[in-house]
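Below is one structure, written out as structure tokens; the observations come after it.
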Amino acid sequence: MQVKKVITYVLVAFVVFYLFTRPAEAASAVNGVFNGIVQGANQLAVFFTNVLT
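Using the UniProt record's numbering, read the sequence shown as starting at 1 and increasing by one per residue.
Spelled out as structure tokens, the structure:
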């Protein structure tokens, strides 16, 4: 259980470091993640529309 906590702290520290040192790249990464989520949701909507019609 202790290793999991240490890995979580290291990951959070890396994210904070990345945000402060490269804010434009961090914003681009977040934008890319959200675009992927939206695209996946759109594909699911298309799938269910085709299944139900």
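Quick reminder that beta carbons are idealized off the backbone N, C-alpha and C, glycines included.
- In the three-state reduction of the DSSP assignment, residue 53 falls in the coil class.
- Straight through space, the alpha carbons of residue 30 and residue 15 are spaced by roughly 11 Å.
- Within the same chain, no residue comes within 8 Å of residue 21 by CB-CB distance, once the 5 residues on both sides are set aside.
- Each residue's CA atom was taken as its position, placing residue 8 and residue 19 some 17 Å apart.
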